[in-house]
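**Student:**
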Amino acid sequence: MSLTVFLAVIGAALLHAIWNAAVKGGRDKTLAMGAVVVGHVPFALVAIIIAPMPDAAALPWMAGGLALHMGYQLFLMRAYETGDLSQVYPIARGSAPLIVAVVSVTALGVHLSGAELLAIAIIALGIISLAAVRRADGLRNGSAAGLALVTGMFIAAYSLVDGYGARIAGTALGFYAWVALVNSLLMALYLAARHPGTLRRMAGPGRVIFVLGGGGSFVAYALVTWAFTQAPIALVTALRETSVVFALLIGVFFLKERLDLAKVLATAGMLAGAVLLRFARQS
């Protein structure tokens with residue numbers, strides 16, 4: 028993986044952690060999550076204007092990515108209603124790179140070196156271990172764990188579909204901009220039907236996260252989509268999930284969450300995996 032792609036994905040991971048921390052810190056999680064997704068609209072419109080039109084051959088991939096993103100968002104919200112953030116987030120994010128790696132190698136014929144596979148495993152297991160070290164009793168919530176795992180499957184699926192779709196489209200930004208725009212409109216319709224008044228409150232208490240969270244989220248995944256076209260999707264997905272490290276640091280230094288030895292070890296493992304991923308060479 029080149030230094031440029033590495034830094035782009037690390038930057039995306041940081042932005043991902045920041046907007047997730049903003050959602051976590053909001054009193055109304057539905058408003059916060061909805062504002063982030065609907066907040067993609069102005070940024071997607073600008074991207075559509077400046078980016079080339081995607082190749083028509085990418086339309087099925089765009090439709091598939093759109094469906095998978097919606098499924099991910101709905102299952103994630105349901106998982107958060109059932110279980111704790113400290114349980115759901117690590118399982119969902121940690122399982123995704125493992126699933127992508129397995130599918131890439133076994134079904135898609137992607138060759139990854141032993142060092143790269145080891146790096147993916149270290150990052151994923153480090154993330155999943157946080158579900159145990161942050162709140163052990165949460166692991167007994169089987170329903171939340173199951174929903175989190177399904178969410179991870181959606182993350183893995185849309186990563187693969189978006190990665191190949193962006194390559195076929197010939198424009199990573201144009202591909203993602205159209206997916207994000209339609210996804211935002213569908214989320215707005217969902218909120219209007221299931222949570223009346225939420226859209227109106229985005230102009231009031233939700234306006235900051237609409238702009239900053241929506242912008243940060245859009246830029247983060249636009250960078251990841253571009254990276255999908257430059258490096259193996261499994262490697263990009265694994266490196267992207269180091270956002271958990273940034274989220275942990277934000278929690279400790281800004282939200283005053285407790286830091287213990289188990290968290291330090293899990294974080295060190297993920298960082299070691301990221302470094303290994305950066306310098307690994309395919310054989």
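Numbering-wise, this note's numbering puts 109 at position 82 of the sequence shown, and it's gapless, one number per residue. Virtual Cβ for every residue (Gly too), placed ideally from N, Cα, C.
#1: Can you tell me whether DSSP reads Glu268 as helix, strand or coil?
#2: Give every residue of the same chain whose Cβ lies closer than 7 Å to the Cβ of Ala299, excluding the five residues on either side of it in the sequence, and list them in chain order.
#3: Report the residue from Leu275, Leu304, Ala35, Ala123 whose alpha carbon sits nearest the alpha carbon of Ala44.
#4: Measuring CB to CB, does Val50 end up less than 8 Å from Ala59?
#5: Mapping the DSSP letters down to three states, classify Gly179 as helix, strand or coil.
#6: Counting along the chain, where does the alpha helix (DSSP H) carrying Phe255 start and finish?
#7: Leaving aside the five residues before and after Ala254 along the sequence, list all residues of the same chain whose C-beta is less than 6 Å from its C-beta, in chain order.
#8: Please report how far the alpha carbon of Val129 lies from the alpha carbon of Gly224, in whole angstroms.
#9: Are the segment 124-143 and the segment 80-98 touching by the rule of at least three beta carbon pairs closer than 8 Å?
#10: Can you list the alpha helix (DSSP H) stretches of 4 or more residues lying completely in the segment 57-118, in chain order?
#11: In this structure, how does DSSP classify Leu166 when only helix, strand and coil are distinguished?
#12: What is the DSSP secondary structure of Lys283, counted as helix, strand or coil?
**Tutor:** With the structure as the only source:
#1: Taking the sequence shown and counting its residues from 1, the one referred to as residue 268 is at position 241. Coil, per DSSP.
#2: Position 272 of the sequence shown, counted from the start, is the residue given in the question as residue 299. If we look at Ala299 and ignore the five residues flanking it on each side, its Cβ neighbours are Ile149.
#3: As a first step, residue 44 must be located in the sequence shown, where it is residue number 17. Out of Leu275, Leu304, Ala35, Ala123, Leu275 has the C-alpha closest to the C-alpha of Ala44.
#4: Position 23 of the sequence shown, counted from the first residue, corresponds to residue 50. Position 32 of the sequence shown, counted from the first residue, corresponds to residue 59. Yes, they are a contact pair.
#5: Numbered from 1 along the sequence shown, position 152 holds the residue referred to as residue 179. Note: Gly179 maps to helix in three-state DSSP.
#6: Within the sequence shown, residue 255 is the residue found at index 228, counting from 1. Membership of Phe255 in the alpha helix (DSSP H) is indicated by the continuous run 241-255.
#7: To locate residue 254, count along the sequence shown from 1; it is residue 227. Contacts found: Val32, Ala35, Val36, Val263.
#8: Locating residue 129 in the sequence shown gives position 102, where the first residue counts as 1. Locating residue 224 in the sequence shown gives position 197, where the first residue counts as 1. Roughly 43 Å separates the two Cα atoms.
#9: Counting C-beta pairs closer than 8 Å gives fewer than three between the segment 124-143 and the segment 80-98, which falls short of the contact rule.
#10: Runs found: 67-77, 86-109.
#11: As a position in the sequence shown, residue 166 is number 139, starting the count at 1. With a pLDDT of only 45 at Leu166, under the threshold of 50, the placement of this residue in the model should not be trusted; the figure read from the coordinates follows. Reduced to three states, the DSSP call for Leu166 is helix.
#12: Position 256 of the sequence shown, counting from 1, holds the residue named residue 283. DSSP, reduced to helix, strand and coil, places Lys283 outside both helices and strands of the structure shown, so it counts as coil.
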